[in-house]
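Q: Supplied in structure tokens, the structure appears directly below.
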Amino acid sequence: MKIVIDKSIPFIEGVFEPYAEVTYKDGPLISREDLTDAEALVIRTRTKCDAALLDGTPVKIIATATSGTENIDVPYCQSHGIYFKNASGCNAGGVSNYVFSAIFGAAAKKSIPLTGRTLGIIGMGSVGPRVEAMGRALGFKIMRFDPQKAEIEWYTQFSTLDELLANSDIITLHIPLTDSTKGMCNAAFFEKMKQGAFFVNTSQGDIVVENDLIDAIPRLGPVIIDAWSHEPAINTRLMNLVDIATPHIAGYSLQGKQIGSSMAVRAVARFMSI
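By our numbering, the letter at position 111 of the sequence shown is numbered 111, and the numbering carries on one by one without gaps.
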């Protein structure tokens with residue numbers, strides 16, 4: 001059995017060597033030739049897993065040590081019997097810590113009181129519930145929007161998107177990038193927000209129409225952006241207008257990387273019965 005691993009993944013070297021032939025390679029440089037006799041692929045977001053990489057290979061499982069799956073062609077994998085597993089929630093602690101550090105930092109800089117404010121959380125997957133728990137502990141009122149979770153957790157309270165936008169003093173995004181969420185935060189979205197409300201994006205850049213956000217900034221409160229369209233190239237005009245701008249590092253923490261690597265290892269070990 002052969003496993004190909006992105007060499008930038010921490011804490012993984014030596015784990016699989018007793019059980020398989022292991023090749024380490026820089027993630028963006030992993031090619032089809034590297035996979036001609038590989039059954040497992042362990043990656044980060046820098047490796048595009050699609051037909052160009054996978055066609056004709058014996059790869060049976062792809063495990064990513066990150067929460068995102070935007071680099072994986074999910075329909076292709078499903079139609080070709082390739083199991084894939086992401087490290088969902090591995091960075092939840094880091095992201096939630098970032099969100100509140102940024103909110104309190106921006107509020108302090110502009111002397112904005114936060115007592116009794118309403119926090120609107122869009123997305124209740126892995127990160128959203130952590131943000132909710134911290135928010136409640138810090139005394140925020142909470143509103144939540146997640147249509148899929150609302151159908152499952154019908155016994156708990158969810159808001160419509162319009163209700164959340166109209167009543168929240170702080171909006172924070174915790175949703176994946178999909179066809180339905182791409183461009184979700186557009187001019188109409190920002191127009192429905194309360195004047196002076198905070199806007200925080202630690203999810204994916206393409207969820208936000210950046211030019212629409214630029215137009216909305218004069219009527220919003222502090223804007224905190226960690227995720228950008230067209231990364232690593234970013235909209236410098238937007239960067240210069242927001243209150244806090246960071247290069248998609250909200251989830252970067254030693255603990256998060258340890259958890260992500262551990263989840264990827266367990267996924268491969270269970271699948272391959274090693």
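The beta carbon of each residue, even a glycine, is placed where N, CA and C say it ideally should be.
Applying the criterion that 16 or more other CB atoms from any shown protein chain within 10 Å of the CB defines a buried residue, is Tyr98 buried or exposed?
A: Label assigned to Tyr98: buried.
Q: Which of helix, strand or coil does DSSP assign to Leu41?
A: Strand, per DSSP.
Q: Report all residues from its chain with a CB closer than 7 Å to the CB of Lys48; omit the five preceding and five following residues, and keep chain order.
A: Closer than 7 Å at the Cβ level, and outside the excluded window around Lys48, lie Asn71.
Q: Using the three-state DSSP reduction, which class does Asn167 fall into: helix, strand or coil?
A: Looking at Asn167 - three-state DSSP - the assignment turns out to be helix.
Q: Could you give the C-beta distance for Ile142 and Glu132, rounded to a whole number, given that I count them as a contact under 8 Å?
A: Between Glu132 and Ile142 the Cβ distance is about 6 Å, and since that is below 8 Å, they are a contact.
Q: For Cys49, which residues does DSSP report across the bridge?
A: Answer by DSSP bridge pairing, in chain order: Ile72.
Q: Going by alpha carbons, who is nearest to Ile60 out of Ala38, Ala51, Pro75, Arg44?
A: The sequence given here has Lys at residue 60, not Ile. Among Ala38, Ala51, Pro75, Arg44, the Cα nearest to that of Lys60 belongs to Ala38.
Q: Assign Pro240 to one of two classes, buried (16 or more other C-beta atoms within 10 Å of its C-beta) or exposed (fewer than that).
A: Strictly speaking, residue 240 in this sequence is Asn, with Pro absent from that position. Asn240 comes out exposed.
Q: Based on Cα-Cα distance, which residue from Phe199, Ala40, Ser203, Pro28 lies nearest to Lys182?
A: Of the listed residues, the one whose Cα sits closest to Lys182 is Ser203.
Q: Please say whether Ser126 and Ser67 have beta carbons closer to each other than 8 Å?
A: Result yes, Cβ atoms of Ser67 and Ser126 sit closer than 8 Å.
Q: Taking just the CA atoms, how far does Ile121 sit from Asp73?
A: Going from the Cα of Asp73 to the Cα of Ile121 covers about 28 Å.
Q: Going by C-alpha distance, which of Ser261, Phe199, Lys257, Ala216 is nearest Ala245?
A: The option with the nearest alpha carbon to Ala245 is Phe199.
Q: As a quick exercise: from Arg130, Glu191, Ile171, Pro75, pick the residue whose alpha carbon is nearest that of Cys90.
A: Taking only the C-alpha atoms, the option nearest Cys90 is Arg130.
Q: Would you mind listing the alpha helix (DSSP H) stretches within the segment 81-154 that are 4+ residues and don't spill past its ends, in chain order?
A: Within the segment 81-154, the complete alpha helix (DSSP H) runs of at least 4 residues are 92-109, 128-137, 147-152.
Q: Can you check DSSP and say which residues form a bridge with Asp243?
A: None; Asp243 has no bridge partner.
Q: Please name the residue, chosen from Ala108, Arg219, Ser79, Ala20, that lies closest to Gln195 on a Cα-to-Cα basis.
A: Residue Arg219 is the option with its Cα nearest to Gln195.
Q: From which residue to which residue does the beta strand (DSSP E) around Phe199 run?
A: First-last of the beta strand (DSSP E) with Phe199: 198-201.
Q: Does the count of Cβ pairs from the segment 77-87 and the segment 105-113 closer than 8 Å reach three?
A: The segment 77-87 is not in contact with the segment 105-113.
Q: Should Glu231 go down as buried or exposed, given a rule of 16 or more other Cβ atoms within 10 Å for buried?
A: Exposed.
Q: Helix, strand or coil, according to DSSP, for Lys293 in the structure here?
A: Residue 293 lies beyond the residue range present for the chain, which begins at 1 and ends at 274; the question has no answer from this structure.
Q: Going by other Cβ atoms of all chains shown within 10 Å of its Cβ, with 16 needed for buried, is Ser96 buried or exposed?
A: That one is buried.
Q: Is the distance from the Cβ of Ile175 to the Cβ of Gly123 below 8 Å?
A: A contact, by the Cβ cut-off of 8 Å.
Q: Which same chain residues, not among the five before or five after Arg44, have their C-beta less than 8 Å away from its C-beta?
A: Correct list, in chain order: Asp6, Ser8, Ile9, Gly27, Thr64, Ala65, Thr66.
Q: Quick check on Asp34: does DSSP put it in helix, strand or coil?
A: In the structure shown, Asp34 sits in a helix (DSSP, three-state: H, G or I).
Q: Looking only at C-alpha atoms, which of Ile112, Ala52, Phe145, Val42 sits nearest to Ser31?
A: The residue with the shortest Cα to Cα distance from Ser31 is Ala52.
Q: Arg117 to Ala269, Cα distance in whole Å?
A: For Arg117 and Ala269, the distance between alpha carbons rounds to 46 Å.
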